[in-house]
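Residue 347 in numbering that gives the first Met the number 0 is what sits at position 348 of the sequence shown, and the numbering runs on without skipping anything. Read through the structure below, which is laid out as structure tokens, and then see the notes.
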Amino acid sequence: MSLVLKFGGSSVADAACVRRVAEIVKGAAPRSPVVVLSAMGKTTDALFAAAQAAERGETEVAMRALKEIVAGHKKACGELWEGEPPVDLQQFIEALSTQIDMLLRGVALLRELSARSRDAIVSFGELLSSQIVAAYLHSRGVPAAWLDVRRVMRTDASFGGAEPQTGEIARLARTELVPLMGPERIVVTQGYIGSTKDGITTTLGRGGSDYSASLLGAAIGAEEVQIWTDVEGILTADPRMVPEAVPVLELSFREGAELAAFGAKVLHPATIQPAVDADIPVTVRHTMRPEGRFSTITAKGGAGSKRPATAIASRSPIQVITIESTRMLAQSGFLARIFDVFGRLGVSVDVVATAEVSVSLTVEANAPIEAIKKELGAFAHVSVASDRALVALVGERLKHTSGLAARVFGAIASINVEMISMGSNEINLSLVVERKDEAAAVRLLHKALFAGNGESR
Ligand code: ADP
Ligand code: ASP
Ligand code: MG
Numbered sequence: 000m001s002l003v004l005k006f007g008g009s010s011v012a013d014a015a016c017v018r019r020v021a022e023i024v025k026g027a028a029p030r031s032p033v034v035v036l037s038a039m040g041k042t043t044d045a046l047f048a049a050a051q052a053a054e055r056g057e058t059e060v061a062m063r064a065l066k067e068i069v070a071g072h073k074k075a076c077g078e079l080w081e082g083e084p085p086v087d088l089q090q091f092i093e094a095l096s097t098q099i100d101m102l103l104r105g106v107a108l109l110r111e112l113s114a115r116s117r118d119a120i121v122s123f124g125e126l127l128s129s130q131i132v133a134a135y136l137h138s139r140g141v142p143a144a145w146l147d148v149r150r151v152m153r154t155d156a157s158f159g160g161a162e163p164q165t166g167e168i169a170r171l172a173r174t175e176l177v178p179l180m181g182p183e184r185i186v187v188t189q190g191y192i193g194s195t196k197d198g199i200t201t202t203l204g205r206g207g208s209d210y211s212a213s214l215l216g217a218a219i220g221a222e223e224v225q226i227w228t229d230v231e232g233i234l235t236a237d238p239r240m241v242p243e244a245v246p247v248l249e250l251s252f253r254e255g256a257e258l259a260a261f262g263a264k265v266l267h268p269a270t271i272q273p274a275v276d277a278d279i280p281v282t283v284r285h286t287m288r289p290e291g292r293f294s295t296i297t298a299k300g301g302a303g304s305k306r307p308a309t310a311i312a313s314r315s316p317i318q319v320i321t322i323e324s325t326r327m328l329a330q331s332g333f334l335a336r337i338f339d340v341f342g343r344l345g346v347s348v349d350v351v352a353t354a355e356v357s358v359s360l361t362v363e364a365n366a367p368i369e370a371i372k373k374e375l376g377a378f379a380h381v382s383v384a385s386d387r388a389l390v391a392l393v394g395e396r397l398k399h400t401s402g403l404a405a406r407v408f409g410a411i412a413s414i415n416v417e418m419i420s421m422g423s424n425e426i427n428l429s430l431v432v433e434r435k436d437e438a439a440a441v442r443l444l445h446k447a448l449f450a451g452n453g454e455s456r
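Here it is in structure tokens:
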């Protein structure tokens with residue numbers, strides 16, 4: 000049996016964090032761990048910024064950003080080794096920084112940044128962090144093999160948000176990853192990045208390292224995927240909005256997936272699916288409090304729990320599109336025509352609410368509104384409200400809790416709710432409010448439904 004441990008950016012932000020990570024990994028050594036790393040701290044943001052500066056032709060700005068990134072990594076190394084890091088690590092860092100330098104100069108010369116070039120540039124954060132952690136483990140006498148995950152993480156060529164090819168990943172994991180694994184042998188690799196079949200670097204989209212971890216976990220049939228981060232698991236709400244939010248100890252896969260999809264940033268939205276497919280528990284844990292509480296996400300979740308709701312998530316900005324047709328009732332296939340438009344334009348719709356003569360639905364802030372309006376305008380009246388937020392109350396027991404709707408709407412009576420929808424899986428009650436009311440809506444709901452709980456079981 001084996002374990003996947005994923006450490007997010009804040010968990011490897013500096014030398015002190017890396018030491019913590021090494022302790023946790025050492026503790027897991029008997030369970031054949033595969034360690035999946037994010038870039039250190041805000042490195043990915045800095046790489047994006049450097050690439051954008053280069054695209055504007057601002058070579059100096061891009062070079063300065065690169066210099067800072069490299070200096071930050073060297074500083075962490077200096078602290079970790081209290082002096083000179085191993086020569087091969089120094090050489091690796093130099094070689095990578097030369098490559099990024101060349102890429103950024105190329106972008107600046109052309110003033111052109113394709114999604115493919117951007118992926119090549121931003122992939123360096125994970126390559127750097129994983130090399131540092133592997134070398135550090137090695138120096139501490141912990142046998143660690145570094146794997147370039149691009150040998151395994153096969154994706155399509157949708158740069159910036161590539162689609163993993165799970166069959167190929169499983170096949171490649173057998174030949175490239177499994178032979179490196181074993182008790183007391185640690186494999187250290189990267190999250191977020193992948194490669195096409197032609198060996199071109201891709202990324203899974205921002206925050207994608209969680210997804211990498213569950214994909215690799217499924218590919219090797221791991222007994223558990225551990226997501227190590229800066230909170231004690233999935234909390235009843237985003238702690239930045241609700242400081243008194245408490246950990247949810249057990250969640251179902253459906254709850255975890257729904258919360259992630261509706262804005263709980265603690266998990267990348269795609270993380271749960273591979274775990275469902277392979278029936279692998281996902282746990283979410285705090286790197287700075289390894290002995291503390293944590294969340295476990297499984298098929299059965301908190302079955303038996305009496306809690307009316309599991310957690311609240313929210314997401315903004317989103318837009319609400321309302322489509323009206325006085326002849327809607329008479330027109331069979333009206334909804335099909337509407338969804339055909341969204342399908343053709345490749346726009347995903349999150350929440351839908353229908354009335355007799357109108358349909359309202361929510362789309363991302365960056366959806367191609369003009370194109371949508373033009374196509375729908377051919378057969379209906381269309382209006383768009385932007386700067387809205389989606390607030391989702393998630394829980395397997397929502398529909399079994401009588402009086403819940405009254406509690407929800409009583410709690411947020413002071414807020415104008417523009418749209419209400421119970422997801423078809425019946426575990427998600429979604430509300431649309433103006434963006435300015437998002438935080439208040441989340442806080443009021445949290446107070447009404449979770450106040451007084453030390454933790455949520
Ligand atoms: P990492 O760098 O480890 O991937 P992220 O910043 O992506 O970490 O995710 C962790 C953050 O997610 C937390 O610090 C918290 O601010 C945010 N978050 C949002 N919703 C929740 C929630 N329901 N439970 C826990 N954390 C949440
Ligand atoms: N480093 C990447 C990002 O910042 C991936 C991740 O951390 O999950 O988006
Ligand atoms: Mg994350």
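Just so it is clear, CB atoms sit at the ideal spot from N, CA and C, and this is done for glycine as well. This structure is a prediction, so every number in the text was calculated from the model and none was measured.
Cβ neighbour criterion (16 or more within 10 Å) applied to residue i
| i | result |
| --- | --- |
| Arg110 | exposed |
| Thr174 | exposed |
| Pro242 | exposed |
| Gly262 | buried |
| Asp237 | buried |
| Pro182 | exposed |
| Gly166 | exposed |
| Pro273 | buried |
| Met101 | exposed |
| Val86 | exposed |
| Ala302 | exposed |
| His267 | buried |
| Glu363 | exposed |
| Gly56 | exposed |
| Gly82 | exposed |
Any non-hydrogen atom of the ligand ASP within 7 Å of residue i CB
| i | result |
| --- | --- |
| Tyr135 | no |
| Thr297 | no |
| Asn43 | Residue identity check: residue 43 is Thr in the sequence provided, not Asn. Thr43: yes, Cβ under 7 Å from the ligand ASP. |
| Ser208 | yes |
| Gly124 | yes |
| Arg205 | yes |
| Gly190 | yes |
Bridge-paired residues (DSSP) for residue i
| i | result |
| --- | --- |
| Asn427 | Val393 |
| Lys463 | The requested residue 463 does not occur in the structure, where the chain is confined to residues 0 to 456. |
| Gly300 | BP columns for Gly300 are empty, so no partner. |
| Ala384 | Val319 |
| Ser251 | Thr297 |
| Glu363 | Ile317 |
| Val416 | Val432 |
| Ala310 | Val393 |
| Ser357 | Glu323 |
| Met152 | In the DSSP output, where bridge partners are listed per residue, Met152 has none listed. |
| Trp145 | Val187 |
| Pro163 | Thr154 |
| Thr282 | Gln225, Thr295 |
| Val121 | Answer is none; Val121 lacks a bridge partner. |
| Met0 | Bridge partners of Met0: none, in fact. |
Any non-hydrogen atom of the ligand MG within 7 Å of residue i CB
| i | result |
| --- | --- |
| Gly255 | no |
| Gly394 | no |
| Asp349 | no |
| Pro7 | According to the sequence displayed, residue 7 carries Gly and not Pro. Under cutoff, so the answer is yes. |
Distance cut-off 7 Å: residue i Cβ against heavy atoms of the ligand ADP
| i | result |
| --- | --- |
| Val151 | no |
| Asp339 | no |
| Arg239 | yes |
| Val416 | no |
| Ser213 | no |
| Ala366 | no |
| Leu258 | yes |
| Lys264 | yes |
| Ile199 | no |
| Ile233 | yes |
Any non-hydrogen atom of the ligand PLP closer than 7 Å to residue i Cβ
| i | result |
| --- | --- |
| Ala38 | This structure lacks the ligand PLP; its bound ligands are the ligand ADP, the ligand ASP and the ligand MG. |
Proximity test, Cβ basis, 8 Å: residue i and chain B
| i | result |
| --- | --- |
| Gly77 | Considering every chain present, this structure includes no chain B. It has just one protein chain. |
Can you confirm whether the region 102 to 116 touches the region 7 to 14 when touching is taken to mean that 3 or more C-beta pairs between the two stretches lie within less than 8 Å?
The region 7 to 14, when compared against the region 102 to 116, does not touch it at the 8 Å Cβ threshold.
Check whether the region 384 to 393 touches the region 285 to 297, taking contact to mean three or more Cβ pairs, one atom from each stretch, closer than 8 Å.
Touching, no, given that fewer than three Cβ pairs across the two stretches are closer than 8 Å.
Can you confirm whether the region 152 to 161 touches the region 60 to 74 when touching is taken to mean that 3 or more C-beta pairs between the two stretches lie within less than 8 Å?
Output reads no: the region 152 to 161 does not touch the region 60 to 74.
Is the region 372 to 381 touching the region 417 to 433 in the sense that three or more CB pairs, one from each, lie closer than 8 Å?
They do not touch, by the three-pair rule.
Would you call the region 394 to 408 and the region 352 to 359 touching, i.e. three or more CB-CB distances under 8 Å?
Touching, no.
If you scan the region 179 to 236 from start to end, which runs of the beta strand (DSSP E) of 3 or more residues do you find wholly inside it?
Segments of the beta strand (DSSP E) lying fully in the region 179 to 236: 185 to 189, 192 to 194, 200 to 202, 223 to 228.
Counting Cβ pairs closer than 8 Å, one from the region 246 to 262 and one from the region 38 to 56, do we hit at least three?
No contact exists between the region 246 to 262 and the region 38 to 56.
Are at least three pairs of beta-carbons, each pair with one atom in the region 123 to 135 and one in the region 74 to 91, less than 8 Å apart?
Result yes; three or more Cβ-Cβ pairs closer than 8 Å.
Which whole runs of the alpha helix (DSSP H) in the region 21 to 101 are 4 residues long or more, in chain order?
42 to 54, 58 to 79, all fully within the region 21 to 101.
Would you call the region 272 to 287 in contact with the region 221 to 233, where contact means no fewer than 3 C-beta pairs closer than 8 Å?
Touching, per the Cβ criterion.
Touching by the beta-carbon criterion (3+ pairs, under 8 Å), the region 306 to 322 and the region 426 to 445:
The region 306 to 322 is in contact with the region 426 to 445.
Cβ contact check for the region 434 to 451 and the region 405 to 418: 3 or more pairs under 8 Å:
Segments in contact, yes.
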